[in-house]
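The structure under discussion appears below in the form of structure tokens.
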Amino acid sequence: MLRNGDGQRQCDGHPPLKHQVNINSFVREAAKSLQMNEVGVCNISTQTPIAFDAYTDNRATGNFIIVDRVTNATVGAGLIDFPLRRADNVHWHALEVNKVARSAMKNQLPAVLWFTGLSGSGKSTIANELDRILHAQGKHTYLLDGDNVRHGLNRDLGFTEEDRVENIRRVAEVAKLMADAGLIVLVSFISPFRDERRMARELMEEGEFIEIFVDTPIEECARRDPKGLYEKALAGKIANFTGVSSPYETPENPELHIRTVGHEPTDLALAVEEFLDRRMEGK
Ligand code: ADP
Numbered sequence: 030m031l032r033n034g035d036g037q038r039q040c041d042g043h044p045p046l047k048h049q050v051n052i053n054s055f056v057r058e059a060a061k062s063l064q065m066n067e068v069g070v071c072n073i074s075t076q077t078p079i080a081f082d083a084y085t086d087n088r089a090t091g092n093f094i095i096v097d098r099v100t101n102a103t104v105g106a107g108l109i110d111f112p113l114r115r116a117d118n119v120h121w122h123a124l125e126v127n128k129v130a131r132s133a134m135k136n137q138l139p140a141v142l143w144f145t146g147l148s149g150s151g152k153s154t155i156a157n158e159l160d161r162i163l164h165a166q167g168k169h170t171y172l173l174d175g176d177n178v179r180h181g182l183n184r185d186l187g188f189t190e191e192d193r194v195e196n197i198r199r200v201a202e203v204a205k206l207m208a209d210a211g212l213i214v215l216v217s218f219i220s221p222f223r224d225e226r227r228m229a230r231e232l233m234e235e236g237e238f239i240e241i242f243v244d245t246p247i248e249e250c251a252r253r254d255p256k257g258l259y260e261k262a263l264a265g266k267i268a269n270f271t272g273v274s275s276p277y278e279t280p281e282n283p284e285l286h287i288r289t290v291g292h293e294p295t296d297l298a299l300a301v302e303e304f305l306d307r308r309m310e311g312k
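Each residue of the sequence shown is one higher than the last, beginning at 30 in our numbering.
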């Protein structure tokens, strides 16, 4: 695969680069990523199946380009050697006890409530409160908290662009499995980029992903500073801190837009609960 743009990127979050190919000597060299115009060999997995051939069998259907869906820039090009048998042999089992059966038994509609907003905006506080309310009503829920997940499942990930994407991908996949188990999943995650939230949305069934924008002005978040992070970030001690040294892209079309200033967390949690009630009634 030829790397065309600047910066580095991995395929689908895994470190798939097997080796780099020295374009002068054709010697294989160890590398973790490719810089502009470098060539390497890697495994690629796609979200949906695609038809292709080996490049040696058919040049037209054996090559590809990779386009950045945001900028539309071509960021790489490649030739396909062969399909991986491993991928061929992994089949999705159609299970007898399916999502409909699991959620019907729980008397609820599965959902992924995706709380996004600045650090300190109130995502965890509201999600916790909502979790408590739903639990008290006999609903089956689970709360995935960005910070907590980083202690376990995602503890191998840092804050580079690749790691952030992989972080979100794993959380979204876990949320999807939980929704498949019929649960109402509450995800509290800064998730500052529209693209990564869209990626999470696209994983879920139509209508199942509920984006909740927890909207608090950054000045108020910095004033609350529940974890002391703004103080550090504003002193330049934390790189890539959302809202300070890294952007937060506000949701354009969230299912729910919650402004926290002047409201109690419980009232805001109840507003989300009402939304879920209406959804359950099909309104
Ligand atoms: P996040 O999960 O978005 O990083 P937290 O929920 O951890 O944010 O922290 C938000 C802080 O703001 C908490 O200390 C909370 O008590 C406080 N807070 C004040 N007003 C509100 C409100 N209306 N909604 C949510 N949190 C609020």
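Every residue gets a Cβ at the ideal spot worked out from N, C-alpha and C, and that includes glycine. The structure presented is a predicted model; accordingly, all values stated were derived computationally and were not measured.
Take residue i as the anchor and find which of the options has the nearest alpha-carbon.
i	options	result
glutamate 195	Gly146, Ile52, Gly211 and Asp224	Asp224
asparagine 92	Glu310, Ala60, Asp82 and Val99	Asp82
lysine 47	Ala133, Asp176, Ser54 and Ala60	Ala60
valine 104	Ala208, Thr77 and Met65	Met65
glycine 257	Ile287, Arg98, His292 and Gly149	Gly149
glutamate 249	Arg288, Lys261 and Ala80	Arg288
arginine 230	Arg252, Pro246, Asn177 and Glu202	Glu202
phenylalanine 238	Val99, Asp244 and Arg226	Arg226
aspartate 110	Asn87, Ile95, Asp97 and Arg98	Asn87
glycine 175	Thr245, Phe188 and Asn101	Phe188
isoleucine 213	Gly291, Arg193, Gly167 and Glu310	Gly167
threonine 90	Ala80, Asn177, Val99 and Glu190	Ala80
phenylalanine 193	Met228, Arg252 and Leu206	Residue 193 is actually arginine in this sequence, not phenylalanine. The shortest Cα separation from arginine 193 among Met228, Arg252 and Leu206 belongs to Met228.
proline 112	Thr100, Ser74 and Glu125	Ser74
valine 290	Pro78, Ile95, Ala106 and Arg252	Arg252
valine 178	His164, Ala165 and Ala204	Ala204
Take residue i and list the residues in its own chain whose beta-carbon comes closer than 6 Å to its own, dropping the five residues that flank it on each side.
i	result
proline 45	Cys71 and Asn72
proline 280	Glu240 and Phe242
threonine 85	none
histidine 120	none
leucine 297	Ile155 and Ile287
isoleucine 95	Val104 and Gly105
valine 126	none
Give me, in chain order, the residues of the same chain whose beta-carbon lies closer than 7 Å to that of residue i; leave out the 5 immediate sequence neighbours on both sides.
i	result
proline 294	Gly151, Thr154, Ile155 and Glu158
asparagine 183	Asn196 and Arg199
glycine 69	Met30, Leu46, His48, Gln49, Val50, Ala60 and Leu63
tyrosine 277	Leu147, Pro221 and Thr271
glycine 36	Below a pLDDT of 50, predicted positions are generally treated as unreliable, and glycine 36, at 37, falls in that range; the measurement from the model is reported next regardless. Hits under 7 Å: none found.
serine 132	Leu138, Pro139 and Gly211
aspartate 306	none
aspartate 160	Thr170, Leu172 and Leu215
glycine 34	In this predicted model, glycine 34 has a pLDDT of only 43, less than 50, meaning its place in the structure is not dependable; the value taken from the coordinates is given anyway. Closer than 7 Å at the Cβ level, and outside the excluded window around glycine 34, lie Met65, Ala102 and Val104.
If I'm right that residue i touches residue j with Cβ under 8 Å, what's the distance once you round it to whole angstroms?
i	j	result
leucine 142	valine 301	7 Å
phenylalanine 144	phenylalanine 218	7 Å
isoleucine 162	leucine 285	15 Å between Cβ atoms; not a contact.
lysine 128	aspartate 209	5 Å
leucine 275	asparagine 282	According to the sequence shown, residue 275 is serine rather than leucine. Wrong, their Cβ atoms sit about 22 Å apart, outside the cutoff.
leucine 232	leucine 172	Wrong, their Cβ atoms sit about 19 Å apart, outside the cutoff.
Once the 5 residues before and after residue i are set aside, which same chain residues still bring their CB inside 8 Å of it?
i	result
proline 255	Gly149
methionine 309	Gln137 and Leu138
lysine 266	none
glycine 311	none
leucine 263	Ala251 and Val273
valine 99	Asp224
task: Enumerate, from N- to C-terminal direction, the unbroken alpha helix (DSSP H) stretches of 4 or more residues contained entirely within the stretch 101-182.
output: 114-118, 128-134, 152-165 and 175-180
task: Can you check the stretch 182-265 for any alpha helix (DSSP H) of at least 4 residues that lies completely inside it and give the ranges in chain order?
output: 190-209, 223-232, 247-253 and 258-263
Contact set, ligand 1 heavy atom to C-beta under 5 Å: A residue is listed when its beta-carbon falls short of 5 Å from at least one non-hydrogen atom of ligand 1; in chain order these are Ser148, Gly149, Ser150, Gly151, Lys152, Ser153, Thr154, Arg253, Pro255, Thr289, His292 and Pro294.
query: In chain order, which beta strand (DSSP E) runs of at least 3 residues are fully inside the stretch 71-103?
result: 92-96
Ranges of the beta strand (DSSP E) found wholly within the stretch 47-72, counting only runs of at least 3: 68-71
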